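Using my numbering, you'd call the opening residue of the sequence shown number 3 and step up by one each time.
No residue lacks a Cβ here, since even glycine has one placed at the ideal position from N, Cα and C.
No experiment lies behind these values; they were computed from the predicted model shown.
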Amino acid sequence: MQRYQNPSLILESANIKEGKVHWTCPSNIALIKYWGKHGLQLPKNPSISFTLDNAVTTTSVSYVASNDNRISFDFIFNNSRRDDFKPKIQTFLERISVIFPFLKQLHLTIESTNSFPHSTGIASSASSMGALALCLCTLEEKLFGTSMPKNEFYRKASYIARVGSGSASRSVYPVAALWGEFADIKDSSDEYAIPVQDLLHPVFQSFQDHILIVSAEEKSVSSTIGHALMDGNIYADSRYQQAKSRLHFLMPALKSGDLETFGKILEDEALTLHALMMTSNPSYLLMRSGTLSIIEKLRTFRMSTNIPAYFTLDAGPNVHLLFPENYTEIMSDFIQNELSQYCNGNIINDKVGLGPKV
Ligand code: DP6
Numbered sequence: 003m004q005r006y007q008n009p010s011l012i013l014e015s016a017n018i019k020e021g022k023v024h025w026t027c028p029s030n031i032a033l034i035k036y037w038g039k040h041g042l043q044l045p046k047n048p049s050i051s052f053t054l055d056n057a058v059t060t061t062s063v064s065y066v067a068s069n070d071n072r073i074s075f076d077f078i079f080n081n082s083r084r085d086d087f088k089p090k091i092q093t094f095l096e097r098i099s100v101i102f103p104f105l106k107q108l109h110l111t112i113e114s115t116n117s118f119p120h121s122t123g124i125a126s127s128a129s130s131m132g133a134l135a136l137c138l139c140t141l142e143e144k145l146f147g148t149s150m151p152k153n154e155f156y157r158k159a160s161y162i163a164r165v166g167s168g169s170a171s172r173s174v175y176p177v178a179a180l181w182g183e184f185a186d187i188k189d190s191s192d193e194y195a196i197p198v199q200d201l202l203h204p205v206f207q208s209f210q211d212h213i214l215i216v217s218a219e220e221k222s223v224s225s226t227i228g229h230a231l232m233d234g235n236i237y238a239d240s241r242y243q244q245a246k247s248r249l250h251f252l253m254p255a256l257k258s259g260d261l262e263t264f265g266k267i268l269e270d271e272a273l274t275l276h277a278l279m280m281t282s283n284p285s286y287l288l289m290r291s292g293t294l295s296i297i298e299k300l301r302t303f304r305m306s307t308n309i310p311a312y313f314t315l316d317a318g319p320n321v322h323l324l325f326p327e328n329y330t331e332i333m334s335d336f337i338q339n340e341l342s343q344y345c346n347g348n349i350i351n352d353k354v355g356l357g358p359k360v
């Protein structure tokens, strides 16, 4: 078990200077989904994702000394104070204060902006918790004059990000990341994600992800509640086994560039995620009619053209279309002509990206 608790990270209060740290962190799209958790944000099954490029959160954390001996911060999102976001961040900062005890000696001003509208249903918790976790790891180094080797720095950031939001653990690495213990991959862990870029065929390293925003409305059931409903789902245990078995077949496909196997597993996973929602108690449905129309049109298009374009879904109605870079032009035409009617032309063109930036 990784032990990051460090009671010695306490500052000499007379020497605390004010300062600021910054990070930009991307969102990610899961290929094998994390759905179901236990303990302190530990996953019930391993998951793997592509890191995105354009959908990012930029966060800065300014700090000044405070002698309250408690967590104290303000949160500003897109230039306005957002007290409604504070409880989630408060819980997160409380949880990690055993790792960063100096947090109780500071008052923080956390300022965040997203490159994508907050209401698009894009997983903003992954990029925002990723960016905040990176800022806090940099803050530790700055305040204590330490510097970790790069791989250890990102591992710790991934661990911290996971405590904030499970999927955020995967956002701190370039190209692709795997989170959760998985027998085929040494070093995999439930506590943090690991980078898996080296296990990917070049075709996947420049993969496109065009996101069709079918509905930007707030989800009727949040991911937090969705995870909790897995505890009573009668398919839960077989689902967790299935995720491992799919990952076992997906990894060699990712390595060899086997697009057909990749695409089949990708789509099966998306539909399984939504089937789990429909079979929860109470049951709920996050797909919309536009979601199904896009899926059907894509499958017909694929049959007639043999273009290896596949869909996946997050916990919402929006459709991610994934395909190799060399099909970008033809896919953009297809999306414009046949699919944009189902999302009012609301499309985000994204792709696999190179990870967070200072
Ligand atoms: C469907 O990471 O948002 O996107 O840990 O409660 O913050 P919390 O949940 P979250 O769940 C993401 C679920 C998913 C699948 C995935 O990204 O693996």
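For this session: Would you check if the distance between the CB atom of I309 and the CB atom of I332 is smaller than 8 angstroms?
Result: As a working note, residue 309 is residue 307 in the sequence shown. As a working note, residue 332 is residue 330 in the sequence shown. In contact: I309 and I332 (Cβ atoms closer than 8 angstroms).
Exercise. When DSSP labels each residue in this structure, what does G21 get in the three-state scheme?
Worked result: As a first step, residue 21 is located in the sequence shown; it is residue number 19 there, counting from the start. Three-state result, G21: strand.
For this session: Look at the alpha carbon of E219 and the alpha carbon of F94, and state the distance between them as a whole number of angstroms.
Result: For the purposes of this step, residue 219 is taken as residue 217 along the sequence shown, with counting starting at 1. For the purposes of this step, residue 94 is taken as residue 92 along the sequence shown, with counting starting at 1. Those two C-alpha atoms are separated by around 26 angstroms.
For this session: Using 7 angstroms as the cut-off, classify the Cβ of D270 as near or not near the heavy atoms of the ligand ZN, replying yes or no.
Result: Looking at this structure, you won't find the ligand ZN anywhere; what it does contain is the ligand DP6.
For this session: Give the secondary structure of E113 by DSSP, where H, G and I count as helix, E and B as strand, and everything else as coil.
Result: Along the sequence shown, read from residue 1 onward, the residue named residue 113 stands at position 111. In the three-state reduction of the DSSP assignment, E113 falls in the strand class, which pools E and B.
Exercise. Three or more C-beta pairs closer than 8 angstroms, one from the segment 243–261 and one from the segment 5–16: is that the case here?
Worked result: Verdict: no, contact absent.
For this session: Using only the heavy atoms of the ligand DP6, determine whether one of them is closer than 7 angstroms to the beta carbon of H212.
Result: Counting from one through the sequence shown, the residue named residue 212 turns up at place 210. For the ligand DP6, not one heavy atom lies less than 7 angstroms from the Cβ of H212.
Exercise. Nearest to I18 by alpha carbon, out of S342, T111, I213 and L145?
Worked result: As a working note, residue 18 is residue 16 in the sequence shown. Looking at the Cα atoms, L145 is the closest of the given residues.
Exercise. Candidates I267, V63 and L288: which alpha carbon is nearest A277's?
Worked result: For the purposes of this step, residue 277 is identified with residue 275 of the sequence shown, where counting begins at 1. The option with the nearest alpha carbon to A277 is L288.
Exercise. Could you check where the alpha helix (DSSP H) with A245 kicks off and where it finishes?
Worked result: Along the sequence shown, one-based indexing puts residue 245 at 243. That run of the alpha helix (DSSP H) goes A238 to S258.
For this session: Just mark R157 as buried or exposed, buried being the case when its beta carbon has 16 or more other beta carbons within 10 Å.
Result: In the sequence shown, residue 157 corresponds to position 155, counting from 1. Classification for R157: buried.
Problem set entry | Inter-residue Cα distance where the pair is L54 and S126 | Working through the sequence shown from its first residue, we reach residue 54 at position 52. Working through the sequence shown from its first residue, we reach residue 126 at position 124. Going from the Cα of L54 to the Cα of S126 covers about 12 angstroms.
For this session: Would you list the residues sitting across from Q210 in a DSSP beta bridge?
Result: Counting from 1 along the sequence shown, the entry for residue 210 is found at position 208. BP columns for Q210 point to F325 and K353.
Exercise. Apart from the five residues just before and just after R97, which ones in its own chain have a Cβ nearer than 6 angstroms to its Cβ?
Worked result: Indexing the sequence shown from 1 puts residue 97 at position 95. Around R97: V165.
Exercise. Within 10 angstroms of its Cβ, does H212 collect 16 or more other Cβ (buried), or is it exposed?
Worked result: Here residue 212 refers to the residue found at position 210 when the sequence shown is read from its first residue. Its Cβ being crowded by 16 or more others within 10 Å, H212 is buried.
Problem set entry | Rounded separation between G147 and S171 - CA only | By one-based count along the sequence shown, residue 147 stands at place 145. By one-based count along the sequence shown, residue 171 stands at place 169. Distance between the alpha carbons of G147 and S171: 25 angstroms.
Problem set entry | N-terminal and C-terminal residue of the alpha helix (DSSP H) that T263 is part of | In the sequence shown, counting from the first residue as 1, residue 263 sits at position 261. Segment L261 to M280, the alpha helix (DSSP H) holding T263.
Problem set entry | C-beta contact flag for Y312 and G265 at 8 angstroms | Indexing the sequence shown from 1 puts residue 312 at position 310. Indexing the sequence shown from 1 puts residue 265 at position 263. Taking 8 angstroms as the Cβ cut-off, Y312 and G265 qualify as a contacting pair.
Exercise. Quick one: Cα of R72 to Cα of E142, how far?
Worked result: Residue numbering aside, residue 72 sits at position 70 when the sequence shown is read from its first letter. Residue numbering aside, residue 142 sits at position 140 when the sequence shown is read from its first letter. Straight-line Cα distance between these residues: approximately 17 angstroms.
Exercise. Which ranges does the alpha helix (DSSP H) cover as unbroken runs of at least 4 residues, wholly within the segment 13–78, from first to last along the chain?
Worked result: none
Problem set entry | Assigned exposure category for T307 - 16 Cβ within 10 Å defines buried | Here residue 307 is taken as the residue at index 305 of the sequence shown, counted from 1. Exposed, since its Cβ has fewer than 16 Cβ neighbours within 10 Å.
Exercise. Which residues in the same chain as P369 place their Cβ atom closer than 8 angstroms to its Cβ, once the five residues preceding and following it in sequence are excluded?
Worked result: Residue 369 lies beyond the residue range present for the chain, which begins at 3 and ends at 360; the question has no answer from this structure.
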